[in-house]
Amino acid sequence: MQQGTIVKVAGPLVVAEGLGEARMYDLVRVGSQGLMGEIIEMRGDRASIQVYEETEGLGPGDPVEGTGAPLSVELGPGMLEAVYDGVQRPLDVLEATSGSFLKRGISAPGLSRDKRWDFVPVLAPGASVQGGAVVGTVQENKVIEHRIMVPPGVSGTLEAIAAGTYTVTDEIGRVSTGDGAKVPLRLMQTWPVRIPRPYVRKVSVTEPLVTGTRVIDTFFPLTKGGVACIPGPFGAGKTVTQHQVAKWSNAEVVVFIGCGERGNEMTDVLMEFPELTDPYSGEPLMKRTVLVANTSNMPVAAREASVYTGMTMAEYFRDMGYSVVLQADSTSRWAEAMREISGRLEEMPGEEGFPAYLGTKLAAFYERAGRVTTLGGADGSVTAVGSVSPPGGDLSEPVVQNTLRVVKVFWALQDRLAYERHFPAIDWLTSYSLYLDKVEPFWRENVSAEFRGRRDECMRMLQRENDLAEIVRLVGLEALSGEEQILMETAKSIREDFLQQNAFRDDDQFTSLKKQDELLRIILLFHTRAIAAHASGGALREIFAAPVRERIARAKYVTEDEAQAVLDSIAADIETQLVAEGGPIAAATSERRAVAEGRPS
Amino acid sequence: MIRTYTTTRDIVGPLLLVEKVADVKYNELVELEYPDGTRTLGNVLEIDRDVALVQAFGGTRGSNPYETKVRFLGRSLELGVSRDMLGRVFDGLGRPRDGGPEIIPDKRMSIYGEPINPTARDFPDDFIQTGVSAIDGLNPLVRGQKLPIFSGSGLPHNQLAAQIARQSAVLNRSDDPGKVGAKMEGEFAVVFAAMGITFEDADFFEGEFRSTAAIERAVLFLNLADDPAVERIATPRMALTAAEYLAYECDMHVLVILTDMTYYCEALREVSAARKEVPGRRGYPGYLYTDLATIYERAGRIKGRKGSITQVPILSMPDDDKTHPIPDLTGYITEGQIILDRPLHRRGIYPPVAVLPSLSRLKQKGIGPGKTREDHADLSNQLFGAYARGIQAKELAVILGEAALSDSDRAFVAFADAFEERFIAQGEHEERSVEETLAIGWELVALLPRTELKRIKDEFVEKYLPVPEAVGPGGAEG
Ligand SMILES: Nc1ncnc2c1ncn2[C@@H]1O[C@H](COP(=O)(O)OP(=O)(O)O)[C@@H](O)[C@H]1O
Ligand SMILES: [Mg+2]
């Protein structure tokens, strides 16, 4: 073990001498309390260390001890339902040992050493294995089968493997490698967080990640293995959107990283997820969730590490062949942590004081997402969704700009929409998804042949609405033709009856793709029938007052089971209430006109 | 172990560089004695071998190199806490300012506190009835929340904060989803921290507390405009340390008012500039977010403890600009914001709350059946939506004239005017129960065509929408 001595302390940064033997990114123990730190710069035998805990009370002369290993996470049964800080300390364990407030110098392993797991081998001794091969399984909870894999880089013949009840550190078998060495297998493996876990190859994404949020699934879809960002000013809905995706998306495992955000938001997840039922498994949502909570008031260096800790855990589940969603809220706080450390290192700052390598780090992080063929030959994916918190909502700032270079989906939140309480406040005019064409075949097969067309049609109307609104602002609604006025009404209906979705209403928070398609169908049906009715003499006021519109407005609240029947009956209502050529609307209108002649309305 | 040095080399702004020191620790408390007899406290910002960078809370006026006495005290800045703090007035560093005796501390606590473990937090969900409709009806405050007031110079933020402090009460749970529970009694306290505000503003609060006898339950920490600026960095932490003691050890529900956070941030900027740090936006240090979080995140509730800390920080937005780094970073940390609006104020509306950009992020957990009433969430959503639409229609009318508006737009314009005059506006000493607030809300949505009430569940419309009396359309006059 190398032993060094502190010469300087400046906030979260400590400089120590005597660590010439250590390597970059090695983990060290700082001071008499053994605080966790990581070497981030070396000049001769002077090492700069970012410390993951509060550095108050440290001073020159205090010892620093190298561990000879990089910052790593423990991967194995017990991660699900856990809540960790940015360097994988289990927060519930820390609470049990040191109380409600986070004390310094206390550590606990990421995986419990006492808990025993039932292991069932799937391979027999004698099998030839390599890194990533699944040797057996542990049913971690009702939802997730934890597949125990040979660690990457190990290959040879499985010499021993036995069913049994093990702790994560017990030996469950052995691989004898080509050169005669024997590598013990355990339920747990470790992996350095800053190094992506290996896979065979990346594979093109084809399947949408269904989130149940209509504006996302229909208009700006994300794929399993895709990357998305949600920038927006405070209060626009970044966190709620991410929570919605964490709750209702059809991923198998969710890793949620609270990176420098509010403590109560973490508490919210911790209290809510165990109570909510996963619509796919029927079990509590928490069972498929891993939480990394390094809140804004927790040490800033651990915040910097938190995104890597979360990503490594996500990759590990991907390697088992699962589809994983990783959410980072907020990547801006991560970038700010980098900036703070960089400032203490007195590096040359780039834009807005961020380090010059900000773009590289962001790109490398998102590049760890994707759909892959795993080392074990399975199909697994990590979908990454990062929120961005631009100062003053200014999207030209460096974190947004660097993120936009690498992500394929952009959900732009608008404070104006949030003020109107139009939620999710995702701006349909500026957001985009580059996955539309990729998911279209899936839509055709699993939703309907018309879905894409309907979606595009609605999108066109929303854009047209924006142009027409400009005219209305200048010269008034009367300047629009009847057809244009109908379009304005339809666009409003798309916004209010489809796009608006209340995350806090049980009957609104999730909509299946099928029902999303059906909702569009009736909105568009009303539109075409309205145009026809108008063309044959129906007055706009009468058309817009058709009683079926109230049913359209409430259609989104219809349960999934009843959806088809109700929507069909709404379609039927549209047909009877708006039939063209002398139908009820037109007829009623002309009658009313005759009666009302001469009277002001 | 206390060591005294007279080896100060450089003095820059509020900072002193002291050489040839031994055994000094990061963030250690320092006592400084200047040649002119001035004494002040400071702390170690950085220690590099035998050179310590010290920030002087009282400033450096009267100091000089090589004569200033620098004593390192071997601990960090602490506050001696006790129940006897209640009713007392302290300065920005926790020394009595009211001529009363020193506090005999029950214990000494580091003012920097420790982060609450997220797993130990209990989610804030007890509705606080402030008696102010713009808050209770639309952006409700809950116990353990941090909800700042974003204001501007000359706006009545002090009056509003005082009104909140005066009227706040928690309601008992109600078994009937359609009924609101009665007010609950419980031990509560107010901790008030002034940073850089004028004597008059501080005096307003003190007078307020005295006249309502709330002073018996209040602790005041005052750093006024003519007090040392750097001291302001410690003041909110003093206040929060006192609050944590009262909440978590004396089981009290504590309301903390911090004003004005803008001056706090300016003090931080002053120190950062003196250190020649790379600045972030508008010269504020890059770590302003993290620093503010260590203050605001000290609000909350903790499992297994009776007390709670609710924070109402006040900040004045330079130039009324919400995107200025201070309100911006605050909004990113706090659980919502109440924004005051100059045009409303000019029109004589008190409290001039700009309800649309205001937000309470914890409201969904604090309202609804049992807590307030079943229709509260839907009604407030509808009020927001309708008011937003009314404002848009008004803008249209400005350009095109009233005549160009459609019937429904006209209804929304009438609604928006009535909403500002009857819902938002109220007296500074008017306390509205949440039922009264909801009743006004229902009267207002009754001005709209029923088909427009899309955000309210049908059953609530049936149950709560007032039956229209035989009056003409239009409702309130504009
Ligand atoms: N989909 C939604 N449905 C209902 N309310 C929402 C929705 N999205 C956001 N909100 C409201 O907006 C507030 C702020 O959202 P949040 O996600 O916390 O914003 P951000 O993370 O961007 O600061 C929430 O507390 C909630 O009141
Ligand atoms: Mg957020």
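Protein sequences, first through last, are from chains A and B.
Position in the first sequence counted from 1, then plus 11, gives you our numbering.
Position in the second sequence counted from 1, then plus 243, gives you our numbering.
By construction, the Cβ of each residue, glycine as well, lies at the ideal position given by its N, Cα and C atoms.
| Query | Result |
| --- | --- |
| N- and C-terminal bounds of the alpha helix (DSSP H) containing A/Cys-270 | No alpha helix (DSSP H) contains A/Cys-270, which is instead part of the beta strand (DSSP E) from 264–270. |
| Exposed unless 16 or more other CB atoms sit within 10 angstroms - verdict on B/Phe-666 | buried |
| Beta bridge counterpart(s) of A/Val-54 as assigned by DSSP | According to the sequence shown, residue 54 of chain A is Arg rather than Val. Partner(s): A/Arg-57. |
| Proximity below 8 Å, CB of A/Thr-234 to CB of A/Val-450 | yes |
| Among A/Ser-334, A/Val-318, A/Phe-515, the one whose alpha carbon lies nearest that of A/Leu-82 | A/Val-318 |
| Chain-order list of residues whose beta-carbon lies under 6 Å from that of B/Ala-405 (same chain, five-residue window excluded) | Glu-451 |
| Within-8 Å CB hit, B/Ala-631 to chain A | yes |
| Partners in chain B for A/Asn-308, counting only beta-carbon separations shorter than 7 Å | Pro-358, Ala-536, Thr-537, Glu-540 |
| Exposure of B/Ala-477, with buried meaning 16 or more beta-carbon neighbours within 10 Å | buried |
| Any non-hydrogen atom of ligand 1 within 7 Å of A/Asn-513 CB | yes |
| At least 3 beta-carbon pairs within less than 8 Å: the region 286–296 of chain A vs the region 173–190 of chain A | no |
| Cross-chain neighbours of B/Pro-361 in chain A, by beta carbon under 8 Å | Val-94, Leu-102, Gly-269, Gly-274, Met-277, Thr-278, Leu-281, Ala-304, Thr-306 |
| Interface residues of the region 62–73 of chain A facing chain B [CB-CB below 9 Å] | Glu-65, Thr-66, Glu-67, Gly-68, Leu-69, Gly-70, Pro-71, Gly-72, Asp-73 |
| Heavy atom of ligand 1 within 7 Å of A/Pro-209 beta-carbon | no |
| Interface flag, A/Phe-112 vs chain B, CB-CB below 8 Å | yes |
| Status (buried if at least 16 other CB within 10 Å, exposed otherwise) for B/Lys-546 | exposed |
| Proximity of A/Met-47 and A/Val-98 at Cβ, strictly below 8 Å | yes |
| Chain B contact for A/Gln-347 (CB, 8 Å cutoff) | The sequence given here has Glu at residue 347 of chain A, not Gln. Output row for A/Glu-347: interface = yes. |
| CB contact check: A/Ala-389 to chain B, cutoff 8 Å | no |
| For B/Asp-368, three-class secondary structure by DSSP | coil |
| Below-8 Å beta-carbon distance, A/Pro-203 vs any chain B residue | no |
| Coil, strand or helix - B/Leu-691 by DSSP | coil |
| Reduced DSSP category for B/Glu-705 - H, G, I as helix; E, B as strand; rest coil | helix |
| Inter-stretch contact (C-beta, 8 Å, three-pair minimum) for the region 301–314 of chain B and the region 267–285 of chain B | yes |
| Status (buried if at least 16 other CB within 10 Å, exposed otherwise) for B/Phe-442 | exposed |
| Which residues DSSP lists as bridging A/Tyr-177, in chain order | A/Trp-128 |
| Chain-ordered chain B contacts of A/Tyr-430 [CB-CB under 7 Å] | Leu-599, Pro-600, Ala-631 |
| Proximity below 8 Å, CB of B/Leu-626 to CB of B/Leu-381 | yes |
| Counted within 10 angstroms of its Cβ, other Cβ atoms place A/Glu-476 as buried (16 or more) or exposed | buried |
| Contact between the region 305–315 of chain A and the region 159–169 of chain A (3+ Cβ pairs under 8 Å) | no |
| Distance cut-off 7 Å: A/Ala-247 Cβ against heavy atoms of ligand 1 | yes |
| B/Thr-573 versus A/Trp-439 - alpha carbon distance | 28 Å |
| Three-state secondary structure (DSSP) of B/Glu-671 | coil |
| Closer than 7 Å: A/Glu-272 CB and nearest ligand 2 heavy atom | yes |
| A/Asp-340 Cβ short of 7 Å to ligand 2 heavy atom set | yes |
| Any non-hydrogen atom of ligand 1 within 7 Å of A/Gly-243 CB | yes |
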